[in-house]
Amino acid sequence: MERALAIARRNHWPGSIGATLARTAACMRKLGRLDAAHEMLSEALQVMQPLQGSRNHTSAVLWMADLQIELEEYENALTNYRALQELAQRQGQRDMQIYARQGLVNALSKLQQVLPALEIAQEALRMGEQQNNILSQVTSLQLLASLYDKHGAQVALPMPVELQAAAENPQTPQLYYLERAYRLAETIEGNSISSILLNDIAHAYAKAGNFAAAYAFSQKTIASHSKLHHTAITNRATAIEMQHKAERARLESEHLRQLAQEQAQRAQLLQDANATRGVDAIDGPLRVEGLALQHHPDMALMLCDSEGQSMTSIFRQEGERLLPTLQISIDDHHSYSAQCVRERREIEMMKARGEYNPAQTSDASPTLSALFGPLIIGQRILGVITIQSEQEYVYGERERLIFRSLCAYGAIALANAHAYQQLQEAQQQLVAQEKLAALGSLVAGVAHELNTPLGNSLVAITGMQDQLQQLAQQLQDQSLRISDLQNFILDGQELATLAMRNMRAAANLVSNFKQIATNRHQQELHDFNLLHVTQDICATMAGQMQGAGHRVEIDIPENIMLYSFPSAYSQVLTGLLNNALTHAFFEREHGRITISAKLHKTQRVQICVTDNGQGIAEEHLKLIFDPFFTTRLGQGGNGLGLSICYNIVTSLLRGQIQVFSTVGNGTMFTLDLPLRADT
Numbered sequence: 009m010e011r012a013l014a015i016a017r018r019n020h021w022p023g024s025i026g027a028t029l030a031r032t033a034a035c036m037r038k039l040g041r042l043d044a045a046h047e048m049l050s051e052a053l054q055v056m057q058p059l060q061g062s063r064n065h066t067s068a069v070l071w072m073a074d075l076q077i078e079l080e081e082y083e084n085a086l087t088n089y090r091a092l093q094e095l096a097q098r099q100g101q102r103d104m105q106i107y108a109r110q111g112l113v114n115a116l117s118k119l120q121q122v123l124p125a126l127e128i129a130q131e132a133l134r135m136g137e138q139q140n141n142i143l144s145q146v147t148s149l150q151l152l153a154s155l156y157d158k159h160g161a162q163v164a165l166p167m168p169v170e171l172q173a174a175a176e177n178p179q180t181p182q183l184y185y186l187e188r189a190y191r192l193a194e195t196i197e198g199n200s201i202s203s204i205l206l207n208d209i210a211h212a213y214a215k216a217g218n219f220a221a222a223y224a225f226s227q228k229t230i231a232s233h234s235k236l237h238h239t240a241i242t243n244r245a246t247a248i249e250m251q252h253k254a255e256r257a258r259l260e261s262e263h264l265r266q267l268a269q270e271q272a273q274r275a276q277l278l279q280d281a282n283a284t285r286g287v288d289a290i291d292g293p294l295r296v297e298g299l300a301l302q303h304h305p306d307m308a309l310m311l312c313d314s315e316g317q318s319m320t321s322i323f324r325q326e327g328e329r330l331l332p333t334l335q336i337s338i339d340d341h342h343s344y345s346a347q348c349v350r351e352r353r354e355i356e357m358m359k360a361r362g363e364y365n366p367a368q369t370s371d372a373s374p375t376l377s378a379l380f381g382p383l384i385i386g387q388r389i390l391g392v393i394t395i396q397s398e399q400e401y402v403y404g405e406r407e408r409l410i411f412r413s414l415c416a417y418g419a420i421a422l423a424n425a426h427a428y429q430q431l432q433e434a435q436q437q438l439v440a441q442e443k444l445a446a447l448g449s450l451v452a453g454v455a456h457e458l459n460t461p462l463g464n465s466l467v468a469i470t471g472m473q474d475q476l477q478q479l480a481q482q483l484q485d486q487s488l489r490i491s492d493l494q495n496f497i498l499d500g501q502e503l504a505t506l507a508m509r510n511m512r513a514a515a516n517l518v519s520n521f522k523q524i525a526t527n528r529h530q531q532e533l534h535d536f537n538l539l540h541v542t543q544d545i546c547a548t549m550a551g552q553m554q555g556a557g558h559r560v561e562i563d564i565p566e567n568i569m570l571y572s573f574p575s576a577y578s579q580v581l582t583g584l585l586n587n588a589l590t591h592a593f594f595e596r597e598h599g600r601i602t603i604s605a606k607l608h609k610t611q612r613v614q615i616c617v618t619d620n621g622q623g624i625a626e627e628h629l630k631l632i633f634d635p636f637f638t639t640r641l642g643q644g645g646n647g648l649g650l651s652i653c654y655n656i657v658t659s660l661l662r663g664q665i666q667v668f669s670t671v672g673n674g675t676m677f678t679l680d681l682p683l684r685a686d687t
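Remember, our numbering sits 8 above the position in the sequence shown when you count from 1.
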């Protein structure tokens with residue numbers, strides 16, 4: 009772009025000068041250099057003043073307005089968006105007319121002018137529909153949703169016409185517009201739906217209280233981020249590979265043909281270095297490759313720091329001896345390694361015996377011959393490889409070719425190691441985001457579940473307080489009658505009972521929530537017989553089962569012994585049996601539960617808990633272990649039982665739990681546990 013701008017200035021081409029300045033400003037904006045971008049766009053608009061209405065000019069006006077939004081110059085942005093609207097109208101640029109209106113919505117929203125922004129957003133949406141421009145429709149729908157989300161609580165915004173006409177109104181305006189945007193985005197072939205849109209939908213569902221849908225869209229958001237990072241890493245690796253091929257193509261073909269067999273063996277060895285996944289692991293193959301050079305040279309690999317101010321040795325070897333780590337400043341004028349980095353070229357050092365060498369280090373033998381090669385990937389220099397010898401004039405053309413190949417492969421190996429490190433960091437970030445999203449969903453569920461019993465208790469206590477104040481006033485006025493006191497006692501008992509019942513429900517909910525985080529230190533490992541412990545658990549629940557008209561059958565061999573946590577296993581099995589009573593046999597009689605077990609694989613046992621109940625719908629199976637997911641809310645279920653079971657099995661018992669079910673054919677839970685939980 010700098011060359012294009014220089015040519016345009018030299019030839020006094022205002023259109024090319026303005027277009028190049030505007031596109032350079034766009035790059036500066038992406039790099040976060042907003043002031044430089046503003047300066048370039050201002051110059052571009054001034055240069056293109058005679059070309060008002062051209063496509064390049066309207067694009068520059070749009071980019072300037074977008075930049076002013078980022079700089080929080082909302083009034084200036086509003087002026088430019090209006091100017092863009094007029095220019096686009098005169099020139100018949102229909103897409104720019106939509107962009108101008110979308111920008112106006114953003115600027116007016118920032119200036120708290122919500123109702124005008126809403127009208128313009130709806131106008132932009134209609135224009136996108138008329139032009140069959142799906143992407144602009146998606147953007148306009150997102151803007152409409154944003155207006156209701158940011159300003160709906162402060163400003164009385166009108167309900168969308170489509171929701172007004174509906175007999176029922178199950179959606180918020182924000183969710184209505186976001187779902188429309190999502191459905192439109194899905195119709196674009198080959199399009200990856202924006203993670204911003206997916207995250208906005210998850211936020212809207214959570215705000216509406218639909219935590220299952222919010223969690224599902226949170227997962228889609230994480231998957232979208234993962235795909236984006238994976239694509240970026242793949243593209244970077246492809247670019248490095250292409251640069252590597254170009255580097256090899258520049259080598260002298262005739263000499264490579266003469267040394268084909270030797271070079272093939274060398275390439276295989278150095279590819280092992282490229283396959284390594286860490287910077288510290290590549291020095292081994294490079295040392296072995298260095299032995300292909302005559303005189304078994306001394307070698308060193310120096311890497312530049314992130315700021316490009318100094319270099320540190322990854323390894324330094326003199327014969328069979330490893331030398332201490334060395335750090336060199338890039339500005340060191342006595343160091344050949346520093347000179348190699350500064351000048352980005354290969355340097356050869358030859359000294360006669362006895363000649364002074366200012367770069368000689370005190371911990372190494374005198375060096376008379378040396379080669380220094382930069383490790384370069386694209387425009388980035390990673391470090392230096394040097395080979396050295398105590399003999400004079402030992403490096404001929406063959407050694408130089410081998411050394412250049414060594415530098416090229418070393419650079420690729422280092423770049424691969426850095427790319428792999430970036431991939432690991434991206435994966436760790438995604439895992440952290442997924443854990444945070446799950447924690448947010450869990451906390452929201454706890455708050456939602458606690459709200460009802462605490463609210464009821466507050467109502468009861470408030471009523472009791474009001475009656476106490478009334479009783480005290482009657483006592484003070486000497487107007488208290490026995491009937492008033494009796495009524496107070498009766499009402500107080502009812503209110504106290506209501507408050508106590510709801511507080512117990514809240515305490516039970518908190519207790520269940522605490523069990524989700526299983527504490528290994530509160531459990532003890534023991535040897536126990538699986539059959540005997542299972543029989544004891546079933547005996548404690550026999551009254552409940554028989555009273556409800558159900559039975560439990562046990563099919564477990566006598567010889568299965570576990571070294572694990574019997575109390576944790578008891579808690580899991582009790583939870584599964586209670587789940588069957590609450591859900592599988594709801595409004596049913598003569599239910600049957602079978603508990604079976606068998607050894608499989610190596611040192612593992614599979615336990616199956618099967619019932620002949622009503623089964624589980626397919627859409628519920630993937631949510632069954634989520635906290636607070638229940639199909640019987642308010643009818644005996646709080647959605648924590650199976651979540652607790654899942655957490656205990658996968659953490660404390662170090663196993664896995666799965667569920668298989670079809671509606672009408674019962675359900676089977678399988679526990680895959682190690683015989684020893686300490687391994």
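Every residue gets a Cβ at the ideal spot worked out from N, C-alpha and C, and that includes glycine.
Helix, strand or coil at Ser629 according to DSSP, with G and I counted as helix: Ser is not the amino acid found at residue 629; the sequence shown has Leu there. Reduced to three states, the DSSP call for Leu629 is helix.
Residues sharing a beta bridge with His534, DSSP: Ser572
Extract the residue ranges of the beta strand (DSSP E) inside the region 306-346, only unbroken runs of 3 or more that lie entirely within it. 306-312, 318-326, 335-337
Does Asp306 pass the burial test, meaning 16 or more other C-beta atoms within 10 Å, or should it be called exposed? buried
Ala625 to His591, Cα distance in whole Å? 12 angstroms
Tell me which residue opens and which closes the alpha helix (DSSP H) that Arg63 is part of. 63-78
Look up Thr602 in the DSSP assignment and say whether it is helix, strand or coil. strand
For Asn495, is the classification buried or exposed, using 16 other Cβ atoms within 10 angstroms of its Cβ as the cut-off for buried? For Asn495, the number of other beta carbons within 10 angstroms of its own is below 16, and it is reported as exposed.
Whole-angstrom distance between Arg98 and Asn114, CA atom to CA atom: 23 angstroms
Which of helix, strand or coil DSSP assigns to Ser465: DSSP, read as helix, strand or coil, puts Ser465 in helix.
Less than 8 angstroms between the beta carbons of Leu206 and Thr229, yes or no? yes
For the pair the region 41-56 and the region 12-26, tell me if three or more CB-CB distances fall below 8 angstroms. yes
Within the region 140-222, ranges of the alpha helix (DSSP H) (whole runs, at least 4 residues): 142-159, 169-173, 181-194, 203-216
Is Gly381 helix, strand or coil by DSSP? strand
Assign Gly391 to one of three DSSP states: helix, strand, or coil. strand
Whose CA, out of Ile106, Ala91, Ala153, His159, lies closest to the CA of Leu119? His159
Residue from Leu539, Ala419, Arg90 with nearest C-alpha to Leu607: Leu539
Paired residues, beta bridge with Asp619 - DSSP: Ile601, Thr675
Beta-carbon proximity of Met553 to Val560, cut-off 8 angstroms: yes
Pair every Cβ in the region 506-516 with every Cβ in the region 458-470, then say whether three or more of these pairs are closer than 8 angstroms. yes
The beta strand (DSSP E) spanning Glu81 covers which residue range? First-last for Glu81: undefined, no H or E at that position.
Validate contact between the region 327-342 and the region 411-419 using beta carbons, cut 8 angstroms, 3 pairs: no
Three or more C-beta pairs under 8 angstroms: does that hold for the region 648-663 against the region 596-611? no
Under 6 angstroms Cβ to Cβ from Asn567, same chain only, skipping five residues before and after it: list those, please. For Asn567, same chain residues with a beta-carbon under 6 angstroms away, outside a window of 5 residues either side, do not exist.
At least 3 beta-carbon pairs within less than 8 angstroms: the region 91-105 vs the region 64-72: yes
To which residues of the same chain is Leu49 closer than 8 angstroms at the C-beta, ignoring the five residues directly before and after it? Leu29, Ala30, Ala33, Ala68, Trp71, Met72, Leu75
One question on the structure: do Phe573 and Leu533 come within less than 8 angstroms of each other, judged by their Cβ atoms? yes
Close-in-space but distant-in-sequence residues of the same chain around Ser318 (CB under 8 angstroms, 5 per side omitted): Contacts found: Cys312, Gln335, Ile336, Ser337, Ile338.
If Val541 sits next to Ser578, beta carbons under 8 angstroms apart, how far is it from one beta carbon to the other, in whole angstroms? Your pair Val541 and Ser578 checks out as a contact, with CB atoms roughly 7 angstroms apart and the cut at 8 angstroms.
Report yes if the CB atom of Gln482 is closer than 8 angstroms to the CB atom of Asp492, and no otherwise. yes
What's the C-alpha gap between Pro181 and Ala224? 20 angstroms
Relative to the ligand NAD, is the shortest distance from any of its heavy atoms to the C-beta of Gln76 smaller than 7 angstroms? In the structure on display, the ligand NAD does not appear, and there are no ligands present to speak of.
Using the three-state DSSP reduction, which class does Pro697 fall into: helix, strand or coil? The structure shown has nothing for residue 697, since the chain only spans 9 to 687.
Determine, using beta carbons only, whether Ser345 and Thr375 come nearer to each other than 8 angstroms. no
Going by the beta-carbon positions, is the gap between Asp544 and Tyr571 smaller than 8 angstroms? Taking 8 angstroms as the Cβ cut-off, Asp544 and Tyr571 do not qualify as a contacting pair.
Whole-angstrom C-beta distance between Leu683 and Gly663, which should lie under 8 angstroms: Not quite, the Cβ-Cβ distance comes to about 11 angstroms (not below 8 angstroms), so this is no contact.
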